[in-house]
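Participant:
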Amino acid sequence: MTDPLFKQDAYLKEETATVTEINDRGGIVLDRTIFYPTGGGQPGDKGTMSFNGNTIDIATAVSGPDKITVIHVPASQDVMPSVGDDVELKLDWDTRHKHMRVHTMMHLMCSLVPFPVTGGQVGADGGRLDFDVDDPSKLNKEQLTADLNRIISENHPTSDRWISDEEMAANP
Numbered sequence: 002m003t004d005p006l007f008k009q010d011a012y013l014k015e016e017t018a019t020v021t022e023i024n025d026r027g028g029i030v031l032d033r034t035i036f037y038p039t040g041g042g043q044p045g046d047k048g049t050m051s052f053n054g055n056t057i058d059i060a061t062a063v064s065g066p067d068k069i070t071v072i073h074v075p076a077s078q079d080v081m082p083s084v085g086d087d088v089e090l091k092l093d094w095d096t097r098h099k100h101m102r103v104h105t106m107m108h109l110m111c112s113l114v115p116f117p118v119t120g121g122q123v124g125a126d127g128g129r130l131d132f133d134v135d136d137p138s139k140l141n142k143e144q145l146t147a148d149l150n151r152i153i154s155e156n157h158p159t160s161d162r163w164i165s166d167e168e169m170a171a172n173p
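The numbering of the sequence shown is this note's numbering, which starts it at 2 and goes up by one.
1) Could you spell out the range, first to last residue, of the alpha helix (DSSP H) harbouring Met107?
2) With three or more C-beta pairs closer than 8 Å as the rule, is the segment 119–132 touching the segment 28–37?
3) Using the DSSP secondary-structure output, state which residues sit across from Glu89 in a beta bridge.
4) Below 7 Å CB to CB, which residues in the same chain sit around Trp94 once its five sequence neighbours on both sides are set aside?
5) Got a sec? Which residues, its chain only, sit under 7 Å from Glu22 by beta carbon, not counting five neighbours each side?
6) Under 8 Å between the Cβ atoms of Ile72 and Ala60?
7) Quick one: residues in its chain with C-beta nearer than 8 Å to the C-beta of Asp86, no 5 flanking neighbours on either side, listed in chain order?
8) Hey, quick one: how far does the alpha helix (DSSP H) through Leu130 stretch, first residue to last?
9) So the alpha helix (DSSP H) Leu145 belongs to, where does it begin and stop?
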């Protein structure tokens, strides 16, 4: 199990952790992490991991089969930490922050489109939402764009809240 520090503070950019496992594919499991794993249509975080005078790139983070373990996927396995090593994690903050902004914008879009969401995807350069639209003529791209820009310009406060898998399944 990995303590998901990103759930308590999505703005953590650096943190220390301890290696608890190196899996059979070279994935690095830590006791805690700031790296968000791929899931819910959002890419996993990337960044760096430093240990014993070495720094390696982390290409992404993914969830383990138990969904409570985060596996850090190194870009290369040339130099690897060992179980028990203390490591310093640094996020690629620019990419994480773009993901957060796109994710928030997608929630705003959901508030404007009166149809159920059937899927979506977040990326640093944009996002995609899929709606179960019964009548496309009820949507006006220019009006949606204007409404989104208006809401954004009003600079409303935002907050985060983690929901359960059951809540997500009931209301994607």
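In this text, a Cβ means the ideal position worked out from N, Cα and C, and glycines have one as well.
Facilitator: Quick look at the numbers:
1) As a position in the sequence shown, residue 107 is number 106, starting the count at 1. Start and end: Trp94 to Leu113.
2) no
3) As a working mapping, residue 89 is identified with position 88 in the sequence shown. Partner(s): Thr17 and Ser51.
4) To locate residue 94, count along the sequence shown from 1; it is residue 93. For Trp94, where only same-chain residues beyond five positions count, the Cβ hits under 7 Å are Lys14.
5) Taking the sequence shown and counting its residues from 1, one reaches residue 22 at position 21. Excluding positions up to five away in sequence, the list reads Val30 and Val84.
6) On the sequence shown, residue 72 is found 71 positions in, with the first residue counted as 1. On the sequence shown, residue 60 is found 59 positions in, with the first residue counted as 1. No, these two residues do not count as a Cβ contact at 8 Å.
7) Indexing the sequence shown from 1 puts residue 86 at position 85. Correct list, in chain order: Thr19, Val20, Phe52 and Asn53.
8) Within the sequence shown, residue 130 is the residue found at index 129, counting from 1. Premise fails: Leu130 lies in the beta strand (DSSP E), Gly127 to Phe132, not in any alpha helix (DSSP H).
9) For the purposes of this step, residue 145 is taken as residue 144 along the sequence shown, with counting starting at 1. That run of the alpha helix (DSSP H) goes Lys142 to Ser154.
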